[in-house]
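Asks: For reference, the structure I am asking about is given below.
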Amino acid sequence: MKEQVFGIKGLHCASCVNRLETKLRETKGVISASVNLATAKANIKYDPHFISVEGIKSAVKSAGYEAYDLEPDVKIEEELSRKRKNFIFSLIFALPLAFFTMTEHFHIYKFFHSEVANSLFQLVLATPVLYFGREFYVNGIRSVIRSKTATMDTLVALGTGTAYLYSLFVTVMIFLKKEGYDSMHLYYETSAVLIMFILLGRNLEAKARGKTSLAIKKLIELSPKYATVIRDGKEVEIPISEVKVNDIVIVKSGQRIPVDGVVLEGYSSVDESMITGESIPVEKKKGDKVLAGTINKMGTFTMEASSVGENTVLSQIIKLVESAQSSKAPIQKMADKISSVFVPVVIICAILSFIFWKSYGFDTYFALKTLISVLIIACPCSLGLAAPTAVIVGTGMGAERGILFKNAESIEKLASIDTIVLDKTGTLTFGKPEVVKIFSYIEEGIFLKIISSLEKASNHPLAEAILKKYGKDDFYEVTKFETVPGMGVLGYIKGDKVYLGSLDFIKDKGFNLPELDIEEGFSYIYVGIEKENEKKLLGYMALFDNLRDDAGDFINNIRNLNIDVIMLTGDNEKVAEKVAKRLNITNYRAKVLPQEKQKIISDLKANGRKVAMIGDGINDAPALASADVGIAIGSGTDIAIEAGEIVIVKPNLMTIYKGVVLSKEILSKIKQNFFWAFIYNTIGIPIAGGILYPFWGLLLNPMFAGLAMAFSSVSVVTNSLLLKRNKI
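The numbers in the sequence shown follow my numbering, run straight up by one, and end at 755.
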């Protein structure tokens with residue numbers, strides 16, 4: 028199976044989306060297809076044994092649209108330029124026509140005393156406007172002929188085409204000097220101005236939609252075009268595409284880092300805000316990892332390239348964000364179902380309004396106005412844009428803050444959770460124990476030097492913590508080093524046998540222990556020496572896996588959202604109790620194996636809980652997968668964690684809280700958009716049909732219907748853009 032995202036040309040409304048998806052899903056070899064109106068893209072999974080890329084493009088074309096391989100916004104810019112030109116030219120002809128036919132002071136009849144001249148003048152101005160709006164007629168008719176379905180373009184074509192053809196008929200009657208026909212019954216300005224307004228609306232909509240994806244554009248722009256590498260002992264500037272793994276790259280002050288890699292020489296601070304969301308520059312020295320797209324704020328350093336091209340963290344983030352923006356939220360399915368029957372229902376309503384008013388003795392002019400108004404005011408565009416525009420803005424905001432949503436469904440799920448289950452080690456804590464207390468019966472410097480010398484030869488997890496804090500270049504020589512699995516290590520220093528390990532290990536070796544100052548919840552290691560057949564305890568130290576700085580704030584803020592917190596850990600009861608007490612967590616479980624975590628989550632879901640699981644994406648993979656939504660904490664370089672639907676780029680718990688808040692804001696915007704889209708059509712269609720006329724004599728002018736339709740989509744997109752005002 029393969030998956031590819033195509034750009035789609037010709038999408039205008041939710042009906043277009045539904046029609047294209049239906050066509051693609053019926054195509055042999057296509058496994059799934061998700062078409063996004065806001066991005067004008069289709070995410071297609073297919074079996075290459077049954078269909079090729081060209082076959083997919085052909086299927087898209089048969090539905091009345093054009094599929095193209097994604098390029099750097101070239102096609103999009105061309106499309107925007109074409110729409111802009113069509114609107115400007117339509118404006119040049121439509122405005123004078125509307126001005127002279129609707130403004131009494133400059134009425135057209137003052138310039139032409141002949142009905143024939145009047146009608147021909149209007150025909151000459153109106154016809155070019157229809158040409159500039161020809162896409163409505165081409166797409167509208169094509170959809171009916173090829174797919175036996177109607178779209179928004181069909182409504183526009185019917186509405187404006189009816190007004191134009193009726194006016195053309197009246198013009199012919201005037202030319203033939205038939206009685207009962209005059210230029211007062213012409214609708215040329217209605218069709219021309221309607222098309223002009225709709226073209227204006229689509230231009231504004233396209234510009235607004237372009238703003239929704241600014242975040243992804245910013246990410247793409249982060250990658251520099253060139254890199255300076257060492258080739259044959261010389262500095263050479265080459266295109267970024269030519270950089271290879273293991274190349275030595277030079278990064279100067281103020282430059283963007285071209286690829287992922289490891290610092291070899293030099294020292295600097297790097298702005299990683301666009302990758303991790305962290306605004307404070309991070310210090311980098313020899314051995315530290317650096318990421319493509321981040322900015323070297325000071326100093327010059329050399330680095331070895333470890334990931335290039337599509338394998339860099341930046342490229343992975345861009346892929347994830349694009350994938351999320353092309354996906355659909357479950358709530359969008361409702362709009363898709365409505366849009367599939369919406370246009371035919373609108374056409375029926377328009378015809379019924381015409382028949383109704385005609386049957387009650389109103390003239391054709393009046394009945395035709397209601398028909399055209401109903402056809403024009405109905406707007407499935409706003410329904411199609413309600414969810415995807417909010418998702419695009421929200422996922423972009425998330426990416427800027429180090430929150431990566433893998434799909435729109437995960438946003439909706441996260442917004443509705445009522446329980447968060449989280450691991451302790453590496454999630455609430457740093458996952459690396461640190462020395463917190465030292466109890467030495469000899470000179471402390473010698474005591475620490477003995478421990479460091481033994482741990483230097485060990486690969487035990489505690490050894491790293493001790494060496495990090497106390498390890499120096501000055502070590503004792505250790506001979507006959509030996510590891511006792513699960514217990515400790517031993518070796519000879521200056522001829523004396525030294526033991527280092529757990530309390531059980533020291534006791535088992537026959538050491539007599541004094542009264543020890545032990546505090547529950549800490550891990551302890553003990554050091555003893557055997558000298559001249561005498562065994563003596565040299566001291567011991569306490570280690571603790573410290574809590575993350577933001578763990579307390581995270582727990583408090585999550586609780587303020589009425590979300591329960593449950594801590595699960597494989598650690599012992601005392602350690603779990605200590606952490607839970609510090610964070611005021613009342614619901615926790617200790618000594619829990621990975622498969623047990625999965626069962627606990629399944630039980631919570633069975634009891635009606637909506638559960639999010641937070642973990643590191645490795646040991647917690649089963650639990651992450653079984654939760655309603657899995658949140659994997661990345662390391663800043665491990666972005667493509669498969670187990671989680673949401674990835675937090677930097678190990679920061681408050682970022683998770685921000686992700687929950689953001690998901691709620693996105694879902695709220697989607698619901699607002701749907702509300703206004705439904706209200707607009709629920710109120711607009713009856714008014715256009717003339718429901719207010721019997722009471723107050725009010726009848727909606729088709730041109731105002733066109734203006735309202737044009738701005739309905741713009742209002743939905745603008746409302747989604749208001750998400751950016753939230754200081755999350």
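We treat Cβ as the ideally placed atom computed from N, Cα and C, and that holds for glycine.
Alpha carbon to alpha carbon, how far is Y519 from V505? Give it in angstroms, no decimals.
Replies: Mapped onto the sequence shown, residue 505 falls at position 478. Mapped onto the sequence shown, residue 519 falls at position 492. Answer to the nearest angstrom: the Cα atoms are 5 angstroms apart.
Asks: Assign W723 to one of two classes, buried (16 or more other C-beta atoms within 10 Å of its C-beta) or exposed (fewer than that).
Replies: Position 696 of the sequence shown, counted from the start, is the residue given in the question as residue 723. It is exposed - the Cβ of W723 has fewer than 16 other Cβ atoms within 10 Å.
Asks: Between which two residues does the alpha helix (DSSP H) carrying D180 extend?
Replies: Here residue 180 is taken as the residue at index 153 of the sequence shown, counted from 1. Run containing D180: 179 to 202, per the alpha helix (DSSP H) assignment.
Asks: Leaving out five residues before and five after Y15 in sequence, what residues of the same chain have Cβ atoms less than 6 angstroms from its Cβ?
Replies: Within the shown structure, residues of the chain are numbered from 28 to 755, placing residue 15 beyond reach of any answer.
Asks: Could you work out which residue in L517, A648, K521, E561 is closest to V554 when comparing CA atoms only?
Replies: On the sequence shown, position 527 is the one that residue 554 refers to. Nearest option by C-alpha distance: L517.
Asks: Please classify F702 as buried or exposed, where buried requires at least 16 other C-beta atoms within 10 Å of its C-beta.
Replies: Looking up residue 702 in the sequence shown gives position 675. Looking at its Cβ environment, which holds fewer than 16 other Cβ atoms inside 10 Å, F702 is exposed.
Asks: Going by alpha carbons, who is nearest to G320 out of E299, K521, T329?
Replies: Residue 320 sits at position 293 when you count from the first residue of the sequence shown. Among E299, K521, T329, the Cα nearest to that of G320 belongs to E299.
Asks: In whole angstroms, give me the CA-to-CA distance for E461 and K521.
Replies: The residue given as residue 461 occupies position 434 in the sequence shown. The residue given as residue 521 occupies position 494 in the sequence shown. Approximately 28 angstroms between the Cα atoms of the pair.
Asks: Does the segment 448 to 461 come within contact of the segment 368 to 383, defined as at least 3 CB pairs closer than 8 angstroms?
Replies: no
Asks: So the candidates are A254, P75, G411, T217; which of them puts its Cα closest to the Cα of T66?
Replies: As a first step, residue 66 must be located in the sequence shown, where it is residue number 39. Ranked by Cα distance from T66, the first of A254, P75, G411, T217 is G411.
Asks: Does the segment 219 to 234 touch the segment 721 to 740, meaning 3 or more C-beta pairs lie closer than 8 angstroms?
Replies: yes
Asks: I666 to K637, Cα distance in whole Å?
Replies: Within the sequence shown, residue 666 is the residue found at index 639, counting from 1. Within the sequence shown, residue 637 is the residue found at index 610, counting from 1. Confidence at I666 is low in this model, with a pLDDT of 47, below 50, so its placement is unreliable and no value can be given for it.
Asks: Any chance the segment 338 to 356 sits against the segment 156 to 168, with 3 or more Cβ pairs inside 8 angstroms?
Replies: no
Asks: In this structure, how does DSSP classify V62 when only helix, strand and coil are distinguished?
Replies: In the sequence shown, the residue the question calls residue 62 occupies position 35. Strand.
Asks: Out of A633, I477, A413, state which residue places its alpha-carbon closest to the alpha-carbon of L748.
Replies: Residue 748 sits at position 721 when you count from the first residue of the sequence shown. Each of A633, I477, A413 was checked against the Cα of L748, and the nearest Cα belongs to A413.
Asks: Give a yes or no on contact between the segment 59 to 75 and the segment 29 to 46, applying the rule of three or more CB pairs nearer than 8 angstroms.
Replies: Yes, the segment 59 to 75 is in contact with the segment 29 to 46.
Asks: Can you say whether Q211 is buried or exposed, counting buried as having 16 or more other CB atoms within 10 angstroms of its CB?
Replies: Within the sequence shown, numbered from 1, the residue matching residue 211 stands at position 184. The question names Gln, but residue 211 in the sequence shown is Met. Answer is exposed; the Cβ neighbour count stays below 16.
Asks: Do you know how far the Cα of T745 is from the Cα of R752?
Replies: Your numbering for residue 752 matches position 725 in the sequence shown. Your numbering for residue 745 matches position 718 in the sequence shown. R752 and T745: Cα-Cα distance of roughly 12 angstroms.
Asks: Kindly list the residues whose CB is nearer than 7 angstroms to the CB of E262, restricted to its own chain and excluding five residues on each side of it in sequence; keep chain order.
Replies: Mapped onto the sequence shown, residue 262 falls at position 235. Correct list, in chain order: T255, I277.
Asks: Tell me whether G260 is buried or exposed, calling it buried when 16 or more other Cβ atoms sit within 10 Å of its Cβ.
Replies: For the purposes of this step, residue 260 is taken as residue 233 along the sequence shown, with counting starting at 1. Counting Cβ neighbours within 10 Å, G260 comes out exposed, since fewer than 16 surround it.
Asks: Please report the straight-line C-alpha distance between N45 and R283, rounded to a whole angstrom.
Replies: Locating residue 45 in the sequence shown gives position 18, where the first residue counts as 1. Locating residue 283 in the sequence shown gives position 256, where the first residue counts as 1. Rounded to the nearest angstrom, the two C-alpha atoms are 42 angstroms apart.
Asks: Report the residue ranges of all alpha helix (DSSP H) runs contained in full by the segment 557 to 604; include only those spanning at least 4 residues, in chain order.
Replies: 578 to 587
Asks: Please report the straight-line C-alpha distance between V373 and V401, rounded to a whole angstrom.
Replies: The count along the sequence shown starts at 1 and reaches residue 373 at position 346. The count along the sequence shown starts at 1 and reaches residue 401 at position 374. For V373 and V401, the distance between alpha carbons rounds to 7 angstroms.
Asks: Do the CB positions of E337 and G288 come within less than 7 angstroms of each other?
Replies: Taking the sequence shown and counting its residues from 1, the one referred to as residue 337 is at position 310. Taking the sequence shown and counting its residues from 1, the one referred to as residue 288 is at position 261. No. Outside cutoff.
Asks: Which term fits F474, buried or exposed, when burial requires 16 or more other beta carbons within 10 angstroms of its beta carbon?
Replies: As a first step, residue 474 must be located in the sequence shown, where it is residue number 447. F474 is buried by the Cβ-count criterion.
Asks: Give the DSSP bridge partners of V335, in chain order.
Replies: Mapped onto the sequence shown, residue 335 falls at position 308. Its beta-bridge partners do not exist; DSSP assigns none.
Asks: In its own chain, which residues sit with a C-beta less than 6 angstroms from the C-beta of K279, not counting the 5 before and 5 after it?
Replies: Here residue 279 is taken as the residue at index 252 of the sequence shown, counted from 1. Excluding sequence neighbours, K279 sits near T327.
Asks: Since R616 sits in a beta bridge, which residues does DSSP pair it with?
Replies: On the sequence shown, position 589 is the one that residue 616 refers to. Answer by DSSP bridge pairing, in chain order: L595.
Asks: Is it the case that the segment 416 to 423 contacts the segment 683 to 702, given that we only count it when at least three CB pairs across the two stretches are under 8 angstroms?
Replies: yes
Asks: Is the separation between the beta-carbon of I595 and that of K624 shorter than 7 angstroms?
Replies: If you number the sequence shown from 1, residue 595 lands on position 568. If you number the sequence shown from 1, residue 624 lands on position 597. This sequence places Leu at residue 595; Ile is not what is there. Yes. Within cutoff.
Asks: Measure the beta-carbon distance from L318 to I302 and round it to whole angstroms, keeping in mind my assumption that it falls under 8 angstroms.
Replies: For the purposes of this step, residue 318 is taken as the residue at position 291 of the sequence shown. For the purposes of this step, residue 302 is taken as the residue at position 275 of the sequence shown. At roughly 6 angstroms, the Cβ-Cβ gap stays under 8 angstroms, so L318 and I302 are in contact.
Asks: Tell me which residue opens and which closes the beta strand (DSSP E) that I545 is part of.
Replies: The residue given as residue 545 occupies position 518 in the sequence shown. First-last for I545: undefined, no H or E at that position.
Asks: Could you tell me which of S141, K691, S89 sits nearest to R169, measuring between CA atoms?
Replies: Walking along the sequence shown from the start, residue 169 turns up at place 142. Answer by Cα proximity: S89.
Asks: So, at 7 angstroms on beta carbons, what are the nonlocal neighbours of S653 in its own chain, with the 5 sequence-adjacent residues on each side left out?
Replies: Residue numbering aside, residue 653 sits at position 626 when the sequence shown is read from its first letter. Only Q625, I628, S629 meet the Cβ criterion.
Asks: So for I284, helix, strand or coil by DSSP?
Replies: Locating residue 284 in the sequence shown gives position 257, where the first residue counts as 1. Correct three-state label for I284: coil.
Asks: Check for me: the beta strand (DSSP E) holding F432 runs from which residue to which?
Replies: Locating residue 432 in the sequence shown gives position 405, where the first residue counts as 1. Its beta strand (DSSP E) spans residues 430 to 432.
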